[in-house]
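Okay, so here's the structure we're looking at.
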Amino acid sequence: MTRHTVRSHPWIAFDFDPREQLDYRTWMLLGEVVSKVAHIAGAPLQPQLAHDLNQIFLSKSAHATTRIEGNTLSEGEVLRRVRQELDLPPSLEYLGQEVDNIVDAYDLIESDLRGNRSLALTTDRIKELNRLVMRDVPGAERVKPGEIRTENVLVGNYRGAPPGDCEDLLDQLCRWLRVISKVAGPELQQPAAILSAFLAHLYIAWIHPFWDGNGRTARLVEYQLLLHAGVPNLAAHLPANFYMRTRTRYYQVLEESSTILHGPTGFLFYALQGFADELREQVKMIQAQQLLVAWVNFVHDSVPDGHTAASVRQRHLVLDLPIGEWTNISKIPELTPRLAREYAGKTRRTVSRDVNTLEDLGLILKGRGQVRPFVDQMRAFLPLKAEMRERRMPEPSPEDPGHVHSVS
Numbered sequence: 011m012t013r014h015t016v017r018s019h020p021w022i023a024f025d026f027d028p029r030e031q032l033d034y035r036t037w038m039l040l041g042e043v044v045s046k047v048a049h050i051a052g053a054p055l056q057p058q059l060a061h062d063l064n065q066i067f068l069s070k071s072a073h074a075t076t077r078i079e080g081n082t083l084s085e086g087e088v089l090r091r092v093r094q095e096l097d098l099p100p101s102l103e104y105l106g107q108e109v110d111n112i113v114d115a116y117d118l119i120e121s122d123l124r125g126n127r128s129l130a131l132t133t134d135r136i137k138e139l140n141r142l143v144m145r146d147v148p149g150a151e152r153v154k155p156g157e158i159r160t161e162n163v164l165v166g167n168y169r170g171a172p173p174g175d176c177e178d179l180l181d182q183l184c185r186w187l188r189v190i191s192k193v194a195g196p197e198l199q200q201p202a203a204i205l206s207a208f209l210a211h212l213y214i215a216w217i218h219p220f221w222d223g224n225g226r227t228a229r230l231v232e233y234q235l236l237l238h239a240g241v242p243n244l245a246a247h248l249p250a251n252f253y254m255r256t257r258t259r260y261y262q263v264l265e266e267s268s269t270i271l272h273g274p275t276g277f278l279f280y281a282l283q284g285f286a287d288e289l290r291e292q293v294k295m296i297q298a299q300q301l302l303v304a305w306v307n308f309v310h311d312s313v314p315d316g317h318t319a320a321s322v323r324q325r326h327l328v329l330d331l332p333i334g335e336w337t338n339i340s341k342i343p344e345l346t347p348r349l350a351r352e353y354a355g356k357t358r359r360t361v362s363r364d365v366n367t368l369e370d371l372g373l374i375l376k377g378r379g380q381v382r383p384f385v386d387q388m389r390a391f392l393p394l395k396a397e398m399r400e401r402r403m404p405e406p407s408p409e410d411p412g413h414v415h416s417v418s
């Protein structure tokens with residue numbers, strides 16, 4: 011660390027040792043993150059579904075990282091922008107440009123991954139990402155995208171590192187992160203790499219090396235390093251969404267970490283806890299999709315004589331019933347367009363006969379003139395396990411090494 015930064019920003023020190031300074035709660039969260047990342051990476055999804063989910067989480071992430079900085083486009087508008095379906099009036103086009111820049115930066119990082127180019131962090135890469143963040147944004151010429159600032163900058167109550175030190179600090183950061191991975195050894199390489207992603211985010215926020223766009227650049231760097239750590243892009247988008255959902259706490263933790271007493275521990279706990287929470291939800295969503303695919307296959311296997319008009323109609327009936335809901339039997343002929351076509355000209359007796367057949371096959375439950383698909387039986391095929399109420403991990407207490415004291 012340079013002489014000026016030692017005096018003004020002693021917390022920007024490259025001597026943090028996670029092996030000694032992280033408490034057991036943070037290590038447990040890190041272990042859960044690694045486990046759930048492996049789960050998501052190995053989860054089979056139908057190609058179209060995988061494409062749709064990637065687009066949805068990309069738009070969520072782009073919305074989140076720009077919304078944190080004040081972009082007012084809604085999540086739905088950002089998704090339409092990602093799909094190139096949103097044209098904005100000239101007075102609002104800059105909002106779309108900010109989103110486009112983030113999406114293009116994600117595309118660049120993922121293109122490098124597909125092209126087997128290194129995702130290890132360099133100062134030039136950090137500058138390139140900032141250049142993309144600020145490209146064609148009004149006033150960008152004044153803030154010199156991709157160039158290290160030459161003046162002091164104040165963000166709220168926080169003053170960035172001395173401008174003459176910023177380039178050297180970025181160089182030190184990149185070297186230090188590579189050392190962390192090497193010291194961890196093969197068995198802890200992925201956990202260390204995930205920690206490095208969050209440390210890079212924090213240190214770039216601390217250094218604040220650019221005239222503008224530092225927060226977005228830090229989160230893009232975090233995304234790149236998560237991919238470098240083997241996190242699938244579907245999951246690597248999640249932290250940005252968490253920061254946006256907890257925006258007030260996000261800025262609070264960044265501020266609290268900026269003292270010699272606290273350092274990175276509080277931010278790492280906060281980021282990993284949020285990442286773990288988001289991963290849990292994503293795993294549930296993927297499991298629901300996989301259960302749906304298994305249900306469709308089970309229905310096709312369970313309905314006999316699959317090519318007759320009656321069996322085709324019965325399959326469509328059970329598959330068109332809303333999962334988890336009771337449907338009035340009288341409403342079945344108008345439930346969906348294809349059921350309306352198939353029951354056109356048929357009597358209520360045909361509907362009743364189909365319902366009874368499906369009940370006998372164990373595919374639906376019937377009661378009081380209503381039916382619902384018996385999808386719950388699919389869960390009986392899952393491994394037997396005890397149910398455990400999911401509890402949120404408590405914040406570290408003041409006695410714990412990972413505790414973050416409030417700043418008065």
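In terms of my numbering, the sequence shown is numbered consecutively and its last residue is 418.
For glycine and all other residues, C-beta sits at the position ideal for the given N, C-alpha and C.
Are the beta-carbon atoms belonging to residue i and residue j less than 9 Å from one another?
{"i": "I204", "j": "V44", "result": "yes"}
{"i": "R91", "j": "S121", "result": "no"}
{"i": "R182", "j": "F285", "result": "The residue asked about is misnamed: residue 182 is Gln in this sequence, not Arg. For Q182 and F285, no; Cβs fall outside 9 Å."}
{"i": "F279", "j": "R35", "result": "yes"}
{"i": "H272", "j": "W21", "result": "yes"}
{"i": "L187", "j": "S267", "result": "no"}
{"i": "Y233", "j": "S71", "result": "yes"}
{"i": "L139", "j": "L105", "result": "no"}
{"i": "W305", "j": "M388", "result": "yes"}
{"i": "V147", "j": "E108", "result": "yes"}
{"i": "L131", "j": "V16", "result": "no"}
{"i": "L63", "j": "L244", "result": "yes"}
{"i": "L349", "j": "H317", "result": "no"}
{"i": "L301", "j": "R382", "result": "no"}
Which residues share a DSSP beta bridge with residue i?
{"i": "R382", "result": "L375"}
{"i": "N338", "result": "Q380"}
{"i": "L198", "result": "DSSP, once it has assigned bridges, lists no residue as partnering L198."}
{"i": "I158", "result": "F220"}
{"i": "Y168", "result": "V165"}
Should residue i be labelled buried (16 or more other beta-carbon atoms within 10 Å of its own) or exposed?
{"i": "A298", "result": "exposed"}
{"i": "G223", "result": "buried"}
{"i": "K294", "result": "exposed"}
{"i": "M254", "result": "buried"}
{"i": "E352", "result": "buried"}
{"i": "N81", "result": "buried"}
{"i": "G355", "result": "exposed"}
{"i": "N251", "result": "buried"}
{"i": "Q324", "result": "buried"}
{"i": "L142", "result": "buried"}
{"i": "L248", "result": "buried"}
{"i": "R29", "result": "exposed"}
What span of residues does the alpha helix (DSSP H) with residue i cover, start to end?
{"i": "D181", "result": "176-194"}
{"i": "H142", "result": "The residue asked about is misnamed: residue 142 is Leu in this sequence, not His. Looking at the DSSP string, the run of the alpha helix (DSSP H) that includes L142 is 133-143."}
{"i": "S362", "result": "358-370"}
{"i": "S121", "result": "103-124"}
{"i": "T31", "result": "Looking at the sequence provided, one finds Gln at residue 31 rather than Thr. Run containing Q31: 28-31, per the alpha helix (DSSP H) assignment."}
{"i": "A350", "result": "347-353"}
{"i": "E151", "result": "150-153"}
Please list the segments of the alpha helix (DSSP H) lying wholly inside the segment 42-89, counting only runs of 4 or more residues, in order along the chain.
-> If we require 4 residues or more, the alpha helix (DSSP H) runs fully inside the segment 42-89 come out as 57-77.
Can you list the alpha helix (DSSP H) stretches of 4 or more residues lying completely in the segment 223-252, in chain order?
-> 224-238, 243-246
Note down, one range per segment and in chain order, each alpha helix (DSSP H) of at least 4 residues found wholly within the segment 268-329.
-> 275-312, all fully within the segment 268-329.
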